[in-house]
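Asks: Next up is a structure, given as structure tokens.
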Amino acid sequence: MNHPAPTLDRKDTATARHVIAASFLAWMLDASDFFIVLFTLDNVASSFHVSIETILLAPTLTLLMRPLGAYICGSAADRYGRKPILIWTIIAYSLVETASAFSPNVTTFLVLRTLFGIALGGVWGVGTSLIMESVPSSWRGTASGILQAGYPAGYLLASLLFLLLPTIGWRGLFIIGGSAVLSALYIKVRVPESPDWLARQRENHAGNELRPAAPGVWSVVRNNVALSVFAVTVMACFNFMSHGSQDLYPKLFLSLEKGIQPHEVTLIVVLYNIAAIVGGLFFGALSQKIGRQYAIALAALCVLPILPLWTLPHSGVWLALGAICIQFCIQGAWGVVPAYLSELSPASVRATFPGLAYQCGNMIAASNALLQHRLSTWFGTGLAIPLMLVVGCASFSVMVLMLLNARRDPKSRSF
């Protein structure tokens, strides 16, 4: 049952801004650490004397472990509070990122990237619940867009750090990535605990109820099978849409296949990530007016006519324009997701259910990089057709699922 929070709209705005900034920062730095691997695929492969396809196992294993992280960290946050678990999760992924820089062989590197996936999977769900329970309800659409903008912002940060590769090497980039631990200090000092979580704890203690060891997520799944299947399916499509447009695009497609110079690739990545941030903010705010599902459906629909411009031109200028437009739309749809999933979730598992649905969908899409790479071999056409095929099918599926379920739009749901 959702707990009304009549004082939520009277929250101190400075505190709410700190909560938004902290969750954005945590997600941005986490995403940056993930994308550093994708920018250095060939460098890591060369260092360990293995094929690029072997190193592609790293992001695949990371994605596969994210559901486990979402469950472990989400369950802990539902039991012990959002703030302490978010801090420890940031510390964990920062330590693993730094340790990755000192990998003596490819096996150790892959094991560490697997562990990184657990921490990576925990950040989003915990950060989402902290934001959505701490800001006024009228802020949720915009706050959702800001939080999700952390993902392309992390991508942008990784692309800028990539400029340092000739100087410090891929190991140096991973060491810099470990500095994300500093964001945990900011959360410790400036961010309060979720008022909604605190209110439920007071109710439990007042009623002499024991806090459950687990927040009942499996009971929620059993009692809401249709909702759970729908949420995971939607998030699988979302993740094929985003990873399908990002994972192989800068390094393997633009640089190695299209022959775009590294500094030009960096510029394109910077531009389309700025567009992605703007798109997330735009559609997140729009969802506050027209509803979460209609905003998502509109963004997904806009992806489809842009696909040829995104991959088929030979000119770097036209490719850049296509990439800017497509990331504005894809990350625009993503900008609504934190609010959408939080409002679908029962209160008792609000740190677990959204993150678990997101990361289970991510696990289904974990094969994206290998899938697109192998499709390009089978088709013998390069990556252009596989990129369009995966992203196009995923975008169309997101649009259809949102429109079919639009009558259950949770836009006005409160907690």
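For the record, in the sequence shown the residue sitting at position 376 is 552 according to our numbering, with numbers rising by one throughout. We put the CB at the ideal spot given by N, CA and C, even for glycine.
Ignore the nearest five residues each way along the sequence and tell me which others in residue 482's own chain have a CB closer than 8 Å to its CB.
Replies: By 1-based counting over the sequence shown, the position of residue 482 is 306. Counting only Cβ-Cβ distances below 8 Å, and skipping sequence neighbours, we find 498, 501, 502, 505.
Asks: Looking at C-beta atoms only, is the number of pairs between the region 231-249 and the region 352-360 that lie closer than 8 Å three or more?
Replies: With the cut-off at 8 Å, the region 231-249 and the region 352-360 do not touch.
Asks: Suppose you measure from the CA of residue 521 to the CA of residue 281; what does that come to, to the nearest Å?
Replies: As a first step, residue 521 is located in the sequence shown; it is residue number 345 there, counting from the start. As a first step, residue 281 is located in the sequence shown; it is residue number 105 there, counting from the start. About 42 Å.
Asks: By the 10 Å Cβ neighbour count, where 16 or more other Cβ atoms means buried, how is residue 508 classified, buried or exposed?
Replies: What you label residue 508 is simply residue 332 of the sequence shown in a count that begins at 1. It is buried - the Cβ of residue 508 has at least 16 other Cβ atoms within 10 Å.
Asks: In the structure shown, what three-state DSSP assignment does residue 357 receive?
Replies: Within the sequence shown, numbered from 1, the residue matching residue 357 stands at position 181. Reduced to three states, the DSSP call for residue 357 is helix.
Asks: With distance defined between alpha-carbon atoms, name the residue in 416, 247, 286, 436 nearest to residue 574.
Replies: Stepping through the sequence shown from its first residue, residue 574 is reached at position 398. Comparing Cα positions, the closest option is 416.
Asks: Can you tell me which of the three DSSP states residue 499 falls into?
Replies: Taking the sequence shown and counting its residues from 1, one reaches residue 499 at position 323. Here residue 499 sits in helix by DSSP.
Asks: Rounding to the nearest angstrom, what Cα-Cα distance links residue 120 and residue 338 in this structure?
Replies: Within the shown structure, residues of the chain are numbered from 177 to 591, placing residue 120 beyond reach of any answer.
Asks: Where does residue 464 land, buried or exposed, given buried means 16+ other C-beta within 10 angstroms?
Replies: As a working note, residue 464 is residue 288 in the sequence shown. Classification for residue 464: buried.
Asks: With distances taken between CB atoms, is the gap from residue 207 to residue 315 smaller than 8 Å?
Replies: By one-based count along the sequence shown, residue 207 stands at place 31. By one-based count along the sequence shown, residue 315 stands at place 139. No; because the gap between Cβ atoms is not below 8 Å, this pair is not in contact.
Asks: Identify whether residue 423 lies in helix, strand or coil by the three-state DSSP scheme.
Replies: Start at 1 with the first residue of the sequence shown, and residue 423 comes out as number 247. Coil, per DSSP.
Asks: Could you check what DSSP says for residue 418 in three-state terms: helix, strand or coil?
Replies: Within the sequence shown, residue 418 is the residue found at index 242, counting from 1. Helix, per DSSP.
Asks: Please state whether DSSP places residue 406 in a helix, a strand or coil.
Replies: Locating residue 406 in the sequence shown gives position 230, counting from the first residue. Residue state, collapsed to three classes: helix.
Asks: What whole-angstrom Cβ distance do residue 535 and residue 245 have, given they're in contact under 8 Å?
Replies: Taking the sequence shown and counting its residues from 1, one reaches residue 535 at position 359. Taking the sequence shown and counting its residues from 1, one reaches residue 245 at position 69. That pair is a contact at about 7 Å.
Asks: When the Cα of residue 510 is compared with those of 496, 336, 421, which residue comes out closest?
Replies: For this step, residue 510 is matched to residue 334 along the sequence shown. Checking every option, the nearest Cα to that of residue 510 belongs to 421.
Asks: Counting only the same chain and skipping the five closest in sequence on each side, list residues whose C-beta sits under 6 Å from that of residue 194.
Replies: Within the sequence shown, the letter at position 18 stands for residue 194. The answer, listed in chain order, is 366, 367.
Asks: With 16 as the cutoff for other CB atoms within 10 Å, does residue 402 come out buried or exposed?
Replies: Within the sequence shown, residue 402 is the residue found at index 226, counting from 1. Per the 10 Å Cβ criterion, exposed.
Asks: In three-state terms, what does DSSP make of residue 437?
Replies: If you number the sequence shown from 1, residue 437 lands on position 261. In this structure, residue 437 counts as coil in the three-state DSSP scheme.
Asks: Compute the distance between the beta-carbons of residue 240 and residue 303, then report whether it is under 8 Å.
Replies: Position 64 of the sequence shown, counting from 1, holds the residue named residue 240. Position 127 of the sequence shown, counting from 1, holds the residue named residue 303. The answer is no: Cβ separation not under 8 Å.
Asks: DSSP on residue 657, reduced to helix/strand/coil?
Replies: Because the chain in this structure spans residues 177 to 591, residue 657 falls outside the shown range and cannot be described.
Asks: Output needed for residue 571: all residues of its chain with C-beta closer than 7 Å, excluding positions within five of it in sequence on either side, in chain order.
Replies: As a working note, residue 571 is residue 395 in the sequence shown. Once the five neighbours on either side are set aside, the close Cβ partners of residue 571 are 417, 476, 479, 480.
Asks: Can you grab the Cα-Cα spacing for the pair residue 386 / residue 550, in whole Å?
Replies: As a position in the sequence shown, residue 386 is number 210, starting the count at 1. As a position in the sequence shown, residue 550 is number 374, starting the count at 1. Confidence in residue 386 is poor, its pLDDT being 49 and thus under 50, which makes the residue's placement unreliable; the coordinate value appears in the next sentence. Between residue 386 and residue 550, the C-alpha separation is close to 52 Å.
Asks: So, at 7 Å on beta carbons, what are the nonlocal neighbours of residue 471 in its own chain, with the 5 sequence-adjacent residues on each side left out?
Replies: Taking the first residue of the sequence shown as 1, we reach residue 471 at position 295. The residues are 459, 462, 463, 512.
Asks: DSSP three-state call for residue 549: helix, strand or coil?
Replies: By 1-based counting over the sequence shown, the position of residue 549 is 373. Correct three-state label for residue 549: helix.
Asks: Quick test of your reading: residue 204 and residue 518, contact by CB under 8 Å. State the CB separation rounded to the nearest angstrom.
Replies: Indexing the sequence shown from 1 puts residue 204 at position 28. Indexing the sequence shown from 1 puts residue 518 at position 342. That pair is no contact at about 19 Å.
Asks: Can you look up residue 490 in the DSSP assignment and give me helix, strand or coil?
Replies: Counted from its first residue, the sequence shown places residue 490 at position 314. Here residue 490 sits in coil by DSSP.
Asks: Is the region 261-268 in contact with the region 316-325, if contact means three or more CB pairs nearer than 8 Å?
Replies: These segments do not touch.
Asks: What first and last residue would you give for the alpha helix (DSSP H) that runs through residue 328?
Replies: Along the sequence shown, read from residue 1 onward, the residue named residue 328 stands at position 152. It spans 316-337 - the alpha helix (DSSP H) in which residue 328 sits, taken as one unbroken run.
Asks: Which complete alpha helix (DSSP H) runs does the region 187-211 hold, if anything under 4 residues is left out?
Replies: DSSP runs (the alpha helix (DSSP H)) wholly in the region 187-211: none.
Asks: What three-state label does DSSP hand residue 527 in the structure shown?
Replies: Taking the sequence shown and counting its residues from 1, the one referred to as residue 527 is at position 351. Note: residue 527 maps to coil in three-state DSSP.
Asks: With residue 475 as the anchor, note down where its alpha helix (DSSP H) starts and where it stops.
Replies: Counted from its first residue, the sequence shown places residue 475 at position 299. From DSSP, the alpha helix (DSSP H) with residue 475 extends over 468-479.
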